[in-house]
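Worksheet for the structure shown next.
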Amino acid sequence: MSNQFGAYKIYAQLAQDAYLDDKQQKGQLGDWKFEGAIHNSFTGFDIAVYSNGNEKVIAFRGTDLTWKRPINTIEDLINDIQLAIWGDENFQSRFDLKNLYNELAEQGYISSTDKIVVTGHSLGGYLAQLFTIANEDKISHTYTYNAPGLGGARLNFLRLFGIESPIKYNSKITDIVAKDFANLIHEVGMNIGEYIEVSGDSHGIKDLTQILYFYDMAISNGASENVVTNYLSGFYNTPNSLFSGSVAKTAQSTISQIEQIVGKANGANDIIEICNAYENNNVKFNLDLISPTSSVTSFFSGSNLSTPALYALVNLNPFIVSGVNSNAYSELEKYKDEYSGNYVSDKAKMLEALLGKSNSSAYYSDLQTGKIYHSETIVDDATTDEYIVANKGFFFGTNSNDIITGKLGENFIDTRKENFIYTLAGDDTITLTSGSNYIEAGSGSDYIDLSGIKDTNSTNTIYADLKDSKDDKDSGNDTIIGSAGKDTMYGGSGYNTYKAGDGDTIEDDDKGQGSVYFNSNSPLTGGTYDKDKGCYVGGIYEYHLNGNTLIVTDTAKNESITINNYSKKDKSLGIDLIEADEIDIIISNATVTEGDESEPNKDGKAPYNTSIGIKLSRELKEDEFIIIQKYNYEKQSTELVLFGTLPQDYDTSLFKSLLSDNKTLDFSWYGNKTKEEDRKYCVGGVNIFAKSDNLTIRDIKPGYVTIKDDDKDPNDDKPETYDPLAIDLNNDGIKGTNLDYKINFDLDNNGFKEATSWIDNNDAFITIDKNNNGAIDNGSELFGNKSISNNAYAYTNPNAKNGFEALSEFDSNNDGIIDEKDKEFTNLLLWQDKNSNGISETDELIKLSDKVKSINLNYTKNGQTEISSATLNDNTEVKVQDMYFNVDLKKTEEIIDENQIPFEIKSLPNVKAFGNLKEFANLNLLVA
Numbered sequence: 009m010s011n012q013f014g015a016y017k018i019y020a021q022l023a024q025d026a027y028l029d030d031k032q033q034k035g036q037l038g039d040w041k042f043e044g045a046i047h048n049s050f051t052g053f054d055i056a057v058y059s060n061g062n063e064k065v066i067a068f069r070g071t072d073l074t075w076k077r078p079i080n081t082i083e084d085l086i087n088d089i090q091l092a093i094w095g096d097e098n099f100q101s102r103f104d105l106k107n108l109y110n111e112l113a114e115q116g117y118i119s120s121t122d123k124i125v126v127t128g129h130s131l132g133g134y135l136a137q138l139f140t141i142a143n144e145d146k147i148s149h150t151y152t153y154n155a156p157g158l159g160g161a162r163l164n165f166l167r168l169f170g171i172e173s174p175i176k177y178n179s180k181i182t183d184i185v186a187k188d189f190a191n192l193i194h195e196v197g198m199n200i201g202e203y204i205e206v207s208g209d210s211h212g213i214k215d216l217t218q219i220l221y222f223y224d225m226a227i228s229n230g231a232s233e234n235v236v237t238n239y240l241s242g243f244y245n246t247p248n249s250l251f252s253g254s255v256a257k258t259a260q261s262t263i264s265q266i267e268q269i270v271g272k273a274n275g276a277n278d279i280i281e282i283c284n285a286y287e288n289n290n291v292k293f294n295l296d297l298i299s300p301t302s303s304v305t306s307f308f309s310g311s312n313l314s315t316p317a318l319y320a321l322v323n324l325n326p327f328i329v330s331g332v333n334s335n336a337y338s339e340l341e342k343y344k345d346e347y348s349g350n351y352v353s354d355k356a357k358m359l360e361a362l363l364g365k366s367n368s369s370a371y372y373s374d375l376q377t378g379k380i381y382h383s384e385t386i387v388d389d390a391t392t393d394e395y396i397v398a399n400k401g402f403f404f405g406t407n408s409n410d411i412i413t414g415k416l417g418e419n420f421i422d423t424r425k426e427n428f429i430y431t432l433a434g435d436d437t438i439t440l441t442s443g444s445n446y447i448e449a450g451s452g453s454d455y456i457d458l459s460g461i462k463d464t465n466s467t468n469t470i471y472a473d474l475k476d477s478k479d480d481k482d483s484g485n486d487t488i489i490g491s492a493g494k495d496t497m498y499g500g501s502g503y504n505t506y507k508a509g510d511g512d513t514i515e516d517d518d519k520g521q522g523s524v525y526f527n528s529n530s531p532l533t534g535g536t537y538d539k540d541k542g543c544y545v546g547g548i549y550e551y552h553l554n555g556n557t558l559i560v561t562d563t564a565k566n567e568s569i570t571i572n573n574y575s576k577k578d579k580s581l582g583i584d585l586i587e588a589d590e591i592d593i594i595i596s597n598a599t600v601t602e603g604d605e606s607e608p609n610k611d612g613k614a615p616y617n618t619s620i621g622i623k624l625s626r627e628l629k630e631d632e633f634i635i636i637q638k639y640n641y642e643k644q645s646t647e648l649v650l651f652g653t654l655p656q657d658y659d660t661s662l663f664k665s666l667l668s669d670n671k672t673l674d675f676s677w678y679g680n681k682t683k684e685e686d687r688k689y690c691v692g693g694v695n696i697f698a699k700s701d702n703l704t705i706r707d708i709k710p711g712y713v714t715i716k717d718d719d720k721d722p723n724d725d726k727p728e729t730y731d732p733l734a735i736d737l738n739n740d741g742i743k744g745t746n747l748d749y750k751i752n753f754d755l756d757n758n759g760f761k762e763a764t765s766w767i768d769n770n771d772a773f774i775t776i777d778k779n780n781n782g783a784i785d786n787g788s789e790l791f792g793n794k795s796i797s798n799n800a801y802a803y804t805n806p807n808a809k810n811g812f813e814a815l816s817e818f819d820s821n822n823d824g825i826i827d828e829k830d831k832e833f834t835n836l837l838l839w840q841d842k843n844s845n846g847i848s849e850t851d852e853l854i855k856l857s858d859k860v861k862s863i864n865l866n867y868t869k870n871g872q873t874e875i876s877s878a879t880l881n882d883n884t885e886v887k888v889q890d891m892y893f894n895v896d897l898k899k900t901e902e903i904i905d906e907n908q909i910p911f912e913i914k915s916l917p918n919v920k921a922f923g924n925l926k927e928f929a930n931l932n933l934l935v936a
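Numbering (my numbering), first residue to last: 9 to 936.
Following this line, the structure appears as structure tokens:
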């Protein structure tokens with residue numbers, strides 16, 4: 009776009025350079041060369057001459073207020089006063105302007121063939137006008153900047169009485185004036201040339217030059233002069249939260265942000281340097297400027313914004329740069345699907361608020377830019393303290409890992425009823441405690457916890473993945489914990505975990521990977537169809553299926569949740585609905601110790617053997633039966649095993665001799681003395697021989713036998729010792745097991761279950777379920793030297809040298825006894841690992857208070873261990889002891905749900921890991 013600002017900026021720069029002394033003149037404007045200067049001590053004004061080919065510029069210096077040359081400064085001020093009062097006659101008598109032209113010619117600065125342009129700032133611009141009038145036939149054009157008019161105050165006084173001025177309009181003079189302040193010097197006298205108003209709040213030439221460079225850059229890239237003026241003056245004159253300070257600062261800040269996108273200024277920072285780099289390198293783009301009076305929605309609406317417009321909105325820039333290849337845009341393109349229509353609409357509201365166009369009491373917080381906005385404040389008359397009022401909250405995250413709590417900080421009066429939260433890509437954590445909430449967590453593995461919201465009137469909509477995208481392969485595994493109100497949860501793709509309550513609605517993607525917790529610390533697993541009830545029943549839950557909509561009812565509480573997009577075929581979210589005539593045959597899992605014997609027995613069989621149970625997924629009805637066929641390795645023969653009762657008329661004559669009651673499979677193995685990894689085998693070998701006609705065998709599920717290696721490397725370090733606190737429930741002494749590698753438990757809270765010695769299944773650990781998930785997860789929930797401090801949660805208690813000292817934290821009255829007088833007594837638990845598998849199961853956890861009256865914390869040292877006593881509810885006194893388990897940190901099991909590993913990753917080759925390193929498949933899961 010052609011514009012005159014290219015000339016305005018150049019001559020403004022030369023007018024500014026006229027203030028430099030001869031040594032400072034460096035010819036900074038490319039082809040422009042400093043020819044020399046004339047210094048007139050009589051008038052106090054100086055002239056600098058510049059050349060570019062046959063064009064010569066005569067630049068008149070204005071008032072020098074720098075005091076670098078005190079005599080010149082004093083002379084300038086005297087001249088300013090005389091000019092303001094008396095006008096032109098005083099100068100015309102003291103300064104022969106026609107002779108000045110001749111003097112410049114005589115010194116060789118100019119010639120009759122040169123194109124001569126005159127420029128000057130302030131009083132230098134005033135002299136430039138007089139010089140032009142005196143030599144009009146020799147001057148091509150004159151540009152003045154914030155210059156006073158001709159005639160002085162006396163002429164203005166005469167004009168009040170209708171006396172015509174003898175001074176006439178001159179088309180060769182253009183006066184550029186900053187309009188956004190009381191420009192008293194410019195108001196002196198009468199303008200005789202073209203009058204151009206531009207944005208500006210300073211009389212100084214430096215700011216005005218920078219502003220003119222911005223005008224030229226913007227107009228050259230598609231903006232109109234009026235748009236630029238509305239932008240710069242709008243931000244200066246309108247209270248806003250985007251720019252503060254002078255017009256020049258707004259221009260500088262804007263061009264710096266533009267350069268972050270364009271990236272063609274070769275590291276330049278100054279506005280003039282950036283604009284010159286664009287011009288010299290022919291850098292072109294399209295620039296849309298958004299002023300405080302602009303319609304924001306006309307630039308930003310819908311979810312299909314262009315990348316330049318989206319970038320502007322994400323970064324809260326009041327301008328859009330398009331038509332340019334930008335690394336910033338390429339990076340944004342990777343995440344473009346993260347920005348939904350709702351995000352665009354709400355972020356546009358924030359931009360409007362920052363522009364000063366909003367009077368709402370909303371609170372806005374943007375992690376991308378660090379900007380926070382709030383408008384309404386009230387003052388406490390008694391204390392004069394100022395408080396901020398917020399009735400809505402808008403929180404915008406980044407494409408990294410964000411943490412959002414929804415808290416506003418100090419000095420807020422929080423009247424919020426709604427929050428709107430957008431965390432985009434990344435593994436985000438959102439924890440809220442109040443209001444109704446709309447959440448878009450974006451891709452990544454997100455953790456969304458609304459359990460702190462106790463208001464049953466709260467309504468929440470949660471999108472744990474991309475809201476608008478249907479093709480989302482890398483959205484992560486999300487966890488959504490609902491509120492006490494009504495929650496609608498959209499998990500999207502990945503393995504998602506939902507914790508729902510009455511009235512909640514859940515919708516997962518078509519793959520339906522994940523689990524649902526409803527009024528329980530165990531996930532919903534489904535049930536079998538009950539013809540009388542007309543629904544599927546599993547424990548206390550009834551499952552009502554209508555098409556793809558599944559309603560699950562907790563009959564104990566008469567509460568329900570709804571699961572949309574449910575697939576019975578795919579067993580969505582781990583919920584398996586079995587028809588009345590369907591049944592599964594299940595082969596159990598087992599863990600055994602390897603042993604050392606590597607030769608067969610005398611009978612030629614393997615030296616070690618165990619039995620693996622065979623069971624059914626439900627009880628058989630009276631008219632149902634199954635006969636399975638299996639091989640008995642002990643007898644070296646085929647056996648038939650009957651489940652249920654055969655009809656009386658059923659003919660068994662052909663196979664009666666093969667029938668057996670042995671509902672197990674034999675598994676044999678050889679040991680060795682070589683230290684190696686554990687071995688794992690799949691056990692099957694069961695077939696259906698016969699069944700009742702009214703029964704459908706849906707699946708035969710194989711079992712897995714893990715052979716634990718029990719050999720030691722002589723170079724291994726000695727085992728570590730961890731000391732959970734145990735109680736002698738049956739009063740026969742606390743017994744422990746050896747480190748036989750049958751049991752793994754995460755005693756040191758690092759996500760890996762270490763091989764450990766254990767306690768007898770008649771004794772129990774003293775525990776606390778800190779995360780209320782109905783299980784004892786690791787050593788942080790036991791009491792020992794790996795306990796977690798309740799007062800400094802997530803850190804090992806530095807005072808917990810042993811289990812008794814860890815437990816003493818719950819002695820709230822400091823009497824050395826744990827009993828009903830202590831606040832947390834009812835929260836303490838006993839874990840009796842009845843099947844010695846290192847996993848706390850529902851029937852193994854009871855309240856401590858159900859068995860124990862008190863525990864004495866005043867222990868005595870007995871060798872390595874600490875011992876004290878407890879009194880049971882029947883007044884029996886039993887032993888309490890720190891156990892000091894031997895732990896092998898190299899024999900670990902990573903704690904991970906294998907159901908979360910997609911088929912694509914399971915099919916990759918795995919690399920076993922040792923100690924506390926993750927296996928290759930699980931690393932793939934983390935980065936998938």
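The beta carbon of each residue, even a glycine, is placed where N, CA and C say it ideally should be.
Quantities reported herein were computed from a predicted structural model and do not represent experimental measurements.
Taking only the alpha-carbon atoms, compute the straight-line gap between Asp188 and Phe243 and give it to the nearest angstrom.
Taking the first residue of the sequence shown as position 1, residue 188 is located at position 180. Taking the first residue of the sequence shown as position 1, residue 243 is located at position 235. Looking at the two C-alpha atoms, the distance is approximately 11 Å.
How many Å lie between Leu474 and Gly443 at the Cα?
In the sequence shown, residue 474 corresponds to position 466, counting from 1. In the sequence shown, residue 443 corresponds to position 435, counting from 1. Near 23 Å, if we compare the C-alpha coordinates of Gly443 and Leu474.
Please give the ranges of any beta strand (DSSP E) in the region 484 to 524, keeping only runs that are unbroken, at least 3 residues long and fully inside the region.
Entirely contained in the region 484 to 524, the beta strand (DSSP E) runs reaching 3 residues are, in chain order, 487 to 489, 494 to 500, 504 to 508 and 513 to 516.
Measure the alpha-carbon distance for Asp510 versus Asp604 and round it to whole angstroms.
As a position in the sequence shown, residue 510 is number 502, starting the count at 1. As a position in the sequence shown, residue 604 is number 596, starting the count at 1. Asp510 and Asp604: Cα-Cα distance of roughly 55 Å.
Whose C-beta lies closer than 7 Å to the C-beta of Asn835 among residues of the same chain, with five residues either side of it excluded?
On the sequence shown, residue 835 is found 827 positions in, with the first residue counted as 1. Excluding sequence neighbours, Asn835 sits near Ile776.
Looking only at C-alpha atoms, which of Thr237, Gly824 and Glu114 sits nearest to Tyr867?
Within the sequence shown, numbered from 1, the residue matching residue 867 stands at position 859. Per the Cα distances, Gly824.
Please report the residue range of the alpha helix (DSSP H) in which Ala336 lies.
Numbered from 1 along the sequence shown, position 328 holds the residue referred to as residue 336. Asn335 to Glu341 is the extent of the alpha helix (DSSP H) around Ala336.
Taking only the alpha-carbon atoms, compute the straight-line gap between Val649 and Glu632 and give it to the nearest angstrom.
Residue numbering aside, residue 649 sits at position 641 when the sequence shown is read from its first letter. Residue numbering aside, residue 632 sits at position 624 when the sequence shown is read from its first letter. Approximately 14 Å between the Cα atoms of the pair.
Quick one: grab the DSSP three-state call for Thr258.
Within the sequence shown, the letter at position 250 stands for residue 258. Note: Thr258 maps to helix in three-state DSSP.
Leaving aside the five residues before and after Ile767 along the sequence, list all residues of the same chain whose C-beta is less than 8 Å from its C-beta, in chain order.
As a working note, residue 767 is residue 759 in the sequence shown. The answer, listed in chain order, is Ala734, Ile742, Lys743, Gly744, Thr745, Phe773, Asp841 and Met891.
Count the other CB atoms, across all protein chains shown, that sit within 10 Å of the CB of Tyr658; report buried if there are 16 or more and exposed otherwise.
Within the sequence shown, the letter at position 650 stands for residue 658. That one is exposed.
Which partner residues of Ile438 appear in the DSSP bridge assignment?
Residue numbering aside, residue 438 sits at position 430 when the sequence shown is read from its first letter. According to DSSP, which records beta bridges pairwise, Ile438 is partnered with Ile412 and Ile456.
Evaluate Gly331 with the Cβ neighbour count: other Cβ atoms within 10 Å of its Cβ, from every protein chain shown; 16 or more gives buried, anything less gives exposed.
Locating residue 331 in the sequence shown gives position 323, counting from the first residue. Classification of Gly331: exposed, given that the 10 Å Cβ count is below 16.
For Cys283, count neighbouring C-beta atoms within 10 Å of its own C-beta (all shown protein chains included) and say buried if the count is 16 or more, exposed if not.
Within the sequence shown, numbered from 1, the residue matching residue 283 stands at position 275. Flag for Cys283 reads buried.
In angstroms with no decimal places, state the Cα-to-Cα distance between Val255 and Val235.
The residue labelled residue 255 in the question sits at position 247 within the sequence shown. The residue labelled residue 235 in the question sits at position 227 within the sequence shown. Each residue's Cα considered, the two are about 14 Å apart.
Among Ile863, Ile412 and Asn407, whose alpha-carbon lies nearest the alpha-carbon of Gly401?
Translated into positions along the sequence shown, residue 401 becomes position 393. The shortest C-alpha separation from Gly401 is found at Ile412.
Within its chain, find whatever has a CB closer than 7 Å to the CB of Glu789; leave out the 5 residues flanking it on each side and keep chain order.
As a first step, residue 789 must be located in the sequence shown, where it is residue number 781. Here the set comprises Thr775, Ile776, Asp777 and Lys778.
Three or more C-beta pairs under 8 Å: does that hold for the region 629 to 645 against the region 689 to 698?
The region 629 to 645 vs the region 689 to 698: in contact.
Closest to Gly310 by C-alpha separation, out of Gly555, Pro300 and Leu321, would be which residue?
Residue mapping note: residue 310 aligns to position 302 of the sequence shown, counting from 1. Here the closest residue by C-alpha is Leu321.
Pull up the distance between the alpha-carbon of Lys914 and that of Pro247, whole angstroms please.
By one-based count along the sequence shown, residue 914 stands at place 906. By one-based count along the sequence shown, residue 247 stands at place 239. A caution first: Lys914 carries a pLDDT of 37, below 50, which makes its placement in the model too unreliable to give a value.
Can you tell which of Ile586, Tyr347, Asp540 and Phe818 has its C-alpha closest to the C-alpha of Ser451?
Within the sequence shown, residue 451 is the residue found at index 443, counting from 1. That would be Tyr347, whose Cα lies nearest to the Cα of Ser451.
Exposed or buried, what is Arg424 when buried is set at 16 or more other beta-carbons lying within 10 Å of its beta-carbon?
The sequence position of residue 424 within the sequence shown is 416, counting from 1. That one is buried.
If you run the structure through DSSP and keep just helix, strand and coil, what is Leu703?
On the sequence shown, residue 703 is found 695 positions in, with the first residue counted as 1. Three-state DSSP puts Leu703 in coil, outside helix and strand.
How close, in whole Å, do the beta carbons of Lys613 and Ser676 come, if the pair is a contact with beta carbons under 8 Å?
The residue labelled residue 613 in the question sits at position 605 within the sequence shown. The residue labelled residue 676 in the question sits at position 668 within the sequence shown. At roughly 6 Å, the Cβ-Cβ gap stays under 8 Å, so Lys613 and Ser676 are in contact.
What would DSSP say about Asn290, mapped onto helix, strand or coil?
For this step, residue 290 is matched to residue 282 along the sequence shown. Reduced to three states, the DSSP call for Asn290 is coil.
Looking at Ser528: is its Cβ nearer than 7 Å to the Cβ of Gly711?
Your numbering for residue 528 matches position 520 in the sequence shown. Your numbering for residue 711 matches position 703 in the sequence shown. The answer is no: Cβ separation not under 7 Å.
With the cut-off set at 7 Å, would you say Val126 and Ala136 are in Cβ contact?
Position 118 of the sequence shown, counted from the first residue, corresponds to residue 126. Position 128 of the sequence shown, counted from the first residue, corresponds to residue 136. Their beta carbons are under 7 Å apart, which means Val126 touches Ala136 by this criterion.
Run the CB neighbour count on Ala190, radius 10 Å, all protein chains shown included, and call it buried at 16 or more, exposed below.
Within the sequence shown, numbered from 1, the residue matching residue 190 stands at position 182. Label assigned to Ala190: exposed.
Which residues in the same chain as Gly534 place their Cβ atom closer than 6 Å to its Cβ, once the five residues preceding and following it in sequence are excluded?
As a working mapping, residue 534 is identified with position 526 in the sequence shown. The answer, listed in chain order, is Gly546, Ile583, Asp584 and Leu585.
Quick check on Ile263: buried or exposed, where buried means 16 or more other Cβ atoms within 10 Å of its Cβ?
Position 255 of the sequence shown, counted from the start, is the residue given in the question as residue 263. With 16 or more Cβ atoms within 10 Å of its Cβ, Ile263 is classed as buried.
Is it the case that the region 363 to 374 contacts the region 332 to 342, given that we only count it when at least three CB pairs across the two stretches are under 8 Å?
Flag = no, the region 332 to 342 and the region 363 to 374 do not touch.
My guess is that Thr1018 and Met497 are in contact by the Cβ rule of under 8 Å, so how many angstroms apart are they, rounded?
Lying outside 9 to 936, the shown extent of the chain, residue 1018 is not represented and no answer is given.
Excluding the five sequence neighbours on either side, which residues of its own chain have a C-beta within less than 6 Å of the C-beta of Asp224, listed in chain order?
Working through the sequence shown from its first residue, we reach residue 224 at position 216. So the qualifying residues of the chain are Phe13, Gly14 and Lys17.
Quick check on the burial criterion: 16 or more other C-beta atoms within 10 angstroms. Buried or exposed for Leu916?
Locating residue 916 in the sequence shown gives position 908, where the first residue counts as 1. Note that Leu916 scores 42 on pLDDT, short of 50, meaning its location in the model is unreliable and no value can be drawn from it.
Identify the continuous alpha helix (DSSP H) that holds Ala320 and give its terminal residues.
Taking the sequence shown and counting its residues from 1, one reaches residue 320 at position 312. First-last of the alpha helix (DSSP H) with Ala320: Thr315 to Val322.
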